[in-house]
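Here the structure is laid out as structure tokens; the discussion comes afterwards.
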Amino acid sequence: MITTTQIRPASVFLVSGGAKGITAKCVIKLAQQHPCKFILLGRSELLETEPDFAHNCFDEATLKKRIMEYLLSTGEKPTPMSVQKVYNQLASSREIKETLAAIHQAGGEAEYISVDVTDTSALNQKITATVERMGEITGIIHGAGNLADKLIEKKTEQDFEKVYTAKVQG
52 MITTTQIRPA
62 SVFLVSGGAK
72 GITAKCVIKL
82 AQQHPCKFIL
92 LGRSELLETE
102 PDFAHNCFDE
112 ATLKKRIMEY
122 LLSTGEKPTP
132 MSVQKVYNQL
142 ASSREIKETL
152 AAIHQAGGEA
162 EYISVDVTDT
172 SALNQKITAT
182 VERMGEITGI
192 IHGAGNLADK
202 LIEKKTEQDF
212 EKVYTAKVQG
């Protein structure tokens with residue numbers, strides 16, 4: 052006998068890796084068809100406010116130029132790697148905010164929690180208050196993952212563990 056569960060407005064999905072990428076697109080689509088609640092988990096930091104140099108700057112080249120100027124103003128020598136790191140943090144935070152906004156626009160409710168899903172203790176600690184606020188988790192979507200793209204014979208044991216741990220233990 053097969054039983055089905057209905058997705059209701061009070062349904063709460065815990066979604067690992069759900070704030071960016073393909074998992075975010077799936078969650079947005081789900082929210083459009085079934086406006087409910089989502090607790091999105093990811094390792095990326097969500098910036099509450101962007102640095103002044105990033106305000107209203109959406110062109111990649113211009114933003115990277117502003118990042119370089121900012122780093123210089125703080126006495127740090129900008130390198131391509133340091134500029135890219137700051138740029139990636141800003142772009143990641145913006146994508147998370149866009150996902151949250153799209154879910155809300157679809158009629159759903161969503162919160163983002165920055166946590167490594169392989170750290171069970173931190174995960175339980177961080178989701179407790181959100182679950183109390185949003186309600187009991189009624190569904191799980193596991194989309195978290197780490198990339199270590201290279202030919203299998205070039206993968207190290209650490210590469211394998213990084214990918215495996217997020218998918219299997221997360």
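Sequential numbering of the sequence shown, starting at 52, is according to the working numbering. In this text, a Cβ means the ideal position worked out from N, Cα and C, and glycines have one as well. Being a predicted model, the structure only gives us computed values, none of them experimental.
Item: Residues that DSSP places opposite residue 105 in a beta bridge; Value: DSSP lists no partner for residue 105.
Item: Residue 162, enclosing beta strand (DSSP E) - first and last residue; Value: 160 to 165
Item: Option nearest residue 148 by Cα separation, candidates 172, 123, 92; Value: 92
Item: With 16 other Cβ atoms within 10 Å as the buried cut-off, status of residue 185; Value: buried
Item: Top-ranked residue by Cα proximity to residue 68, from 114, 176, 162, 181; Value: 162
Item: Any alpha helix (DSSP H) of 4 or more consecutive residues that is wholly inside the region 111 to 158; Value: 111 to 124, 131 to 156
Item: As assigned by DSSP and simplified to three states, the class of residue 72; Value: helix
Item: Own chain, CB closer than 6 Å to residue 62, minus 5 neighbours either side, in chain order; Value: 87, 189
Item: Residues near residue 181 in its chain [Cβ-Cβ closer than 7 Å; skip 5 each side]; Value: 90, 162, 164
Item: Bridge partners - residue 67, DSSP secondary structure assignment; Value: 92, 193
Item: Residue 168 in three-state terms, based on DSSP; Value: coil
Item: Top-ranked residue by Cα proximity to residue 82, from 168, 150, 176; Value: 150
Item: Cβ neighbour criterion (16 or more within 10 Å) applied to residue 117; Value: buried
Item: Closest residue to residue 141 among 79, 64, 111, 123 (Cα-Cα distance); Value: 111
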